[in-house]
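Be aware that the sequence shown starts at 587, since it is given in my numbering, and climbs by one per residue. As structure tokens, the structure follows; a few thoughts come after it.
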Amino acid sequence: MKQLDNITITKIKKEFLSEFAKVSTLEQIEELRLKYFGRKGIIKSLFKQLSDLPLEKRKFLGEQLNTISKELSSMIEEKRTQLNLQVQQQTDIKLTKLYRSLPGVSFLCGNLHPLQKVLNEIIYVFVSLGYKVEYGPEIESEDYNFTKLNIPEDHPARDMQDTLYLELPSERNNKMLLRTHTSPVQIRVLLANKPPIKIIAPGRVYRHDNVDASHLFNFHQVEGLVVDKGIKLSDLKGTLNYFIKSIFGSETVARFRQSYFPFTEPSLEVDIKCISCKGSGCALCKNSGYLEVLGCGMVHPEVLNNVGYGYEEYTGFAFGLGVERIAMLKYGITDMRLFFSNDLRFLKQF
Ligand SMILES: [Zn+2]
587 MKQLDNITIT
597 KIKKEFLSEF
607 AKVSTLEQIE
617 ELRLKYFGRK
627 GIIKSLFKQL
637 SDLPLEKRKF
647 LGEQLNTISK
657 ELSSMIEEKR
667 TQLNLQVQQQ
677 TDIKLTKLYR
687 SLPGVSFLCG
697 NLHPLQKVLN
707 EIIYVFVSLG
717 YKVEYGPEIE
727 SEDYNFTKLN
737 IPEDHPARDM
747 QDTLYLELPS
757 ERNNKMLLRT
767 HTSPVQIRVL
777 LANKPPIKII
787 APGRVYRHDN
797 VDASHLFNFH
807 QVEGLVVDKG
817 IKLSDLKGTL
827 NYFIKSIFGS
837 ETVARFRQSY
847 FPFTEPSLEV
857 DIKCISCKGS
867 GCALCKNSGY
877 LEVLGCGMVH
887 PEVLNNVGYG
897 YEEYTGFAFG
907 LGVERIAMLK
917 YGITDMRLFF
927 SNDLRFLKQF
């Protein structure tokens, strides 16, 4: 143990300074701190000797010891801060270098389901033409789903083979069912509003169908309805021509073909020239050169009558399209079941 006196204090300081000058790491500065200020360190042991000294000497050496203790410990702390900063800067430089040389990290991003994508496009086209978007319930009454739409009692569509009836208490003596099309929204809108009416109604529909590449028991439709004074067949054709060119491209050729639906008169089906063979005939279009896209027509006077509109005063047109059908044609998908398979290999392509 070093004897506590004036000379020792000076000597210790000198030794400390020469050791301090060699310090270059955080480990070394900690070693130095322990050597001088640790529990059994040099400075500590000198302080312990103070109590054994006569008062006068104790006071004098005590002050000296205090001064040197403060000076050396603040040097240690300062050095430690400086070394910490250096280490931090070196780490930053290392990290920067690391990021620069690494290849980019690719993140797995979600995307919209192809059906939602196509539906959004369809809605966008009609909303840009001033249509309002309406929604109706999926559980519907037989009256709205069939009767008010002029579908006769004996029509095969009402058959149990096609319609999923529900065992629910009947409303207004009506059997309840899962709607087989979005057309009952026409009735709801006509009853709740006054012309001019200009709406589309997207939604799920249900059929009692066996599932195969072109049939599902649950799929999506978009209904369209325009009712006002002086609505003509040419308005219908102009609107749907614009729609088809917007969805399938401006070069797409549409064909209007006579058809039959109970709730429209006259009724038409719209085909487009086959996307695959451009009309010359292939497997996709079954050699017809055309692909069916949607059904439409002028609202049947009986339907307007059923909701209390005078059909001498008002006319209108309606159309209904399958969202799956449009998506299949647009993207060249041949199996409808893929939309509901949750297969990421399929879904990532859109
Ligand atoms: Zn074809």
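The C-beta atom is built at its ideal place from N, Cα and C for all residues, glycine as well.
The C-beta distance from K784 to K718 rounds to 7 angstroms, short enough to fall under 8 angstroms. Distance from the Cα of A840 is smallest, within the candidate group L870, S874, E878, for E878. The C-beta of N928 has fewer than 16 other C-beta atoms within 10 Å across all chains shown, which makes the residue exposed.
Secondary structure remark: continuous alpha helix (DSSP H) runs of at least 4 residues inside the stretch 806-882, in chain order: 819-834. Exposed is the label assigned to L620, since fewer than 16 other Cβ atoms lie within 10 Å of its Cβ. Relative to K630, the option among I595, L641, V609 whose CA is nearest is I595. T768 is positioned such that its CB atom lies no closer than 9 angstroms to that of A743. The stretch 857-873 and the stretch 797-806 do not touch, with fewer than 3 CB-CB distances between them shorter than 8 angstroms.
In terms of Cβ geometry, L811 and V885 form a close pair [threshold 9 angstroms]. By the 16-neighbour rule on beta-carbons within 10 angstroms, Q589 is exposed.
By the neighbour-count criterion, in which a residue is buried when 16 or more other Cβ atoms sit within 10 angstroms of its Cβ, R931 is exposed. By the 16-neighbour rule on beta-carbons within 10 angstroms, Q772 is buried.
In this structure, P770 sits near Y730, with a CB-CB distance shorter than 9 angstroms. Here the C-alpha atom of I830 lies approximately 33 angstroms from the C-alpha atom of D745. Going by DSSP, K734 is part of no beta strand (DSSP E) at all; its letter is neither H nor E.
Your pair L763 and E739 does not check out as a contact, with CB atoms roughly 15 angstroms apart and the cut at 8 angstroms. Between L750 and Y792, the gap from beta carbon to beta carbon is short of 9 angstroms.
Secondary structure at N697: coil, using DSSP grouped into helix, strand and coil. Our two residues, N760 and T733, have alpha carbons roughly 10 angstroms apart in a direct line.
These are the residues, in chain order, with a beta carbon less than 5 angstroms from any non-hydrogen atom of ligand 1: C860, S862, C863, C868, L870, C871. The criterion of a C-beta distance shorter than 9 angstroms is satisfied by L636 and G648.
For G627, the closest alpha carbon among the candidates E613, L776, I598, K608 is that of I598. Beta bridge pairing from DSSP links H801 with D798. Taken through DSSP and simplified to helix, strand or coil, T768 comes out as coil. Note that the stretch 803-817 touches the stretch 895-914; at least 3 beta-carbon pairs, one per stretch, sit closer than 8 angstroms.
By the neighbour-count definition (other C-beta atoms within 10 Å, threshold 16), T850 is a buried residue.
Around the beta carbon of I615, a 10 Å sphere encloses 16 or more other beta carbons of the protein chains shown; the residue is thus reported as buried. Between the alpha carbons of E899 and I817 lies a distance of about 10 angstroms. Of the candidates V609, A778, P852, the residue whose Cα lies closest to the Cα of F842 is P852. Going by beta carbons, L826 and F905 fall inside the 9 angstroms limit.
Nearest Cα to S604 within the set R644, E613, M661: M661. In this structure, S862 sits near L870, with a CB-CB distance shorter than 9 angstroms. For V691, there is no enclosing beta strand (DSSP E), since its DSSP letter is neither H nor E. Residue L618 holds the alpha-carbon nearest to the alpha-carbon of R666 among N891, L618, K872, I654.
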